[in-house]
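Chemist: Residue numbers are given in the UniProt record's numbering: position 48 of the sequence shown equals residue 48, and the series is strictly consecutive.
Glycine residues also receive a C-beta, built at the ideal position from the N, C-alpha and C atoms.
A quick note: this is a predicted structure, and the numbers were derived from the prediction, not measured.
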Amino acid sequence: MAIPITVLDCDLLLYGRGHRTLDRFKLDDVTDEYLMSMYGFPRQFIYYLVELLGASLSRPTQRSRAISPETQILAALGFYTSGSFQTRMGDAIGISQASMSRCVANVTEALVERASQFIRFPADEASMQALKDEFYGLAGMPGVIGVVDCIHVAIKAPNAEDLSYVNRKGLHSLNCLMVCDIRGALMTVETNWPGSLQDYAVLQQSSLSSRFEAGMHKDSWFLGDSSFFLRTWLMTPLHIPETPAEYRYNMAHSATHSVIEKTFRALYSRFRCLDGSKGALQYSPEKSSHIILACCVLHNISLEHGMDVWSSPMTGPMEQPPEEEYEHMESLDLEADRIRQELMLTHFS
């Protein structure tokens, strides 16, 4: 006689069908220190997320009970900041590991839906000029409206045949393009690019490149390191500076570009699911891309709430591509080279 197999809900076994909402953990019952140590964010920030995401996380479900928005958010924050579905994390808020995974998925999608609300590039001229003024005040580099770079996040291999996600270190990853302002706030984020693509190829195919190649924002540019091509809208350092003006230009460029390197360190430090210390993200490229984007949204929200991006401990030097790989990129755009030469002559001679 065949025995029917039933898929059991761990939470149902533990708590029964009488609980319509799983509210076994209360923020008011724990200290601020506990919240920071377990979930990486203070009480008022978590309350804000509950208000922001509550409607999305309370969507109708066919399941017998719904996990409260507060509990879902705590579960997701615990994963983002620790990088693992630890048993003790689920025990702390009274849900199973399977429910932890569902909570992370729900909160991630809710944050991704709001990405354009918190990650946006300024459109008006006053905001653009403010960006230029702030960057100029940092190291004397004129015309800068953002710094751009790429960061790799390790993911599990999609399948044995797909090599498009294998990066130059032989690991599977997503190569994520980001642009930040002087505070470290992210203005552009693209998290879906395969790790085999080099940084310049990611930028060439990005929506950011399409916008600026079309001639928007005249007399403005981003700063990128030597892993990118020099463009009329993207200033890169000189590979071998020779004159005093070229040395001063490179020094100002390096000091200004370091803002995004610090931002990457802060992202790695706050969101340990991204830094690889707990292993690669165990999701498909699409879901991994959404998790990275969700962390970027949280990063910007935390800045809006006064949480200093530089306050997190640094996790070590960011890996940079070998300079010699990109030496040939400097002279491919004659107009861009002319603009850079004029910039050095006018501001660094």
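Which whole runs of the alpha helix (DSSP H) in the UniProt domain "DDE Tnp4" (148-300) are 4 residues long or more, in chain order?
Modeler: 199-205, 207-213, 244-270
Chemist: Which of helix, strand or coil does DSSP assign to residue 123?
Modeler: As a working note, residue 123 is residue 123 in the sequence shown. Residue 123: coil per DSSP, three-state reduction.
Chemist: By the DSSP assignment, the alpha helix (DSSP H) with residue 78 in it spans what residues?
Modeler: Counting from 1 along the sequence shown, the entry for residue 78 is found at position 78. Residue 78 -> alpha helix (DSSP H) spans 69-82.
Chemist: Report all residues from its chain with a CB closer than 6 Å to the CB of residue 194; omit the five preceding and five following residues, and keep chain order.
Modeler: Here residue 194 refers to the residue found at position 194 when the sequence shown is read from its first residue. Here residue 194 has 164, 165 as same chain residues with Cβ atoms under 6 Å from its own Cβ, once five neighbours each way along the sequence are excluded.
Chemist: Using the DSSP secondary-structure output, state which residues sit across from residue 144 in a beta bridge.
Modeler: Taking the sequence shown and counting its residues from 1, the one referred to as residue 144 is at position 144. In the DSSP output, where bridge partners are listed per residue, residue 144 has 221.
Chemist: Kindly indicate which three-state DSSP category residue 50 falls into: helix, strand or coil?
Modeler: In the sequence shown, residue 50 corresponds to position 50, counting from 1. Helix at residue 50.
Chemist: Which residues in the same chain as residue 300 place their Cβ atom closer than 8 Å to its Cβ, once the five residues preceding and following it in sequence are excluded?
Modeler: Counted from its first residue, the sequence shown places residue 300 at position 300. So the qualifying residues of the chain are 118, 119, 185, 186.
Chemist: Could you give the first and the last residue of the continuous alpha helix (DSSP H) run that contains residue 340?
Modeler: As a first step, residue 340 must be located in the sequence shown, where it is residue number 340. Run containing residue 340: 334-347, per the alpha helix (DSSP H) assignment.
Chemist: Whole angstroms is fine: what's the gap from residue 116's alpha carbon to residue 122's?
Modeler: In the sequence shown, counting from the first residue as 1, residue 116 sits at position 116. In the sequence shown, counting from the first residue as 1, residue 122 sits at position 122. So the two alpha carbons sit approximately 12 Å from each other.
Chemist: With a 10 Å radius around its C-beta and 16 neighbouring C-beta atoms as the bar for buried, classify residue 341 as buried or exposed.
Modeler: Here residue 341 refers to the residue found at position 341 when the sequence shown is read from its first residue. Result: exposed.
Chemist: Residue 28 by DSSP, collapsed to three states: which one?
Modeler: For the purposes of this step, residue 28 is taken as the residue at position 28 of the sequence shown. Here residue 28 sits in helix by DSSP.
Chemist: Using 8 Å as the threshold, is the C-beta distance between residue 246 and residue 141 below it?
Modeler: Taking the first residue of the sequence shown as 1, we reach residue 246 at position 246. Taking the first residue of the sequence shown as 1, we reach residue 141 at position 141. No, Cβ-Cβ distance for residue 246 and residue 141 is not below 8 Å.
Chemist: Hey, would you say the C-beta of residue 228 is under 7 Å away from at least one heavy atom of the ligand COA?
Modeler: As presented, the structure is devoid of all ligands, the ligand COA included, so that no description of it is given.
Chemist: Tell me which same chain residues have a C-beta within less than 8 Å of the C-beta of residue 132, skipping the five on either side of it?
Modeler: The sequence position of residue 132 within the sequence shown is 132, counting from 1. These residues qualify, in order along the chain: 142, 143, 144, 145, 220.
Chemist: Within 8 Å, do at least three Cβ pairs link the segment 94-109 to the segment 64-77?
Modeler: yes
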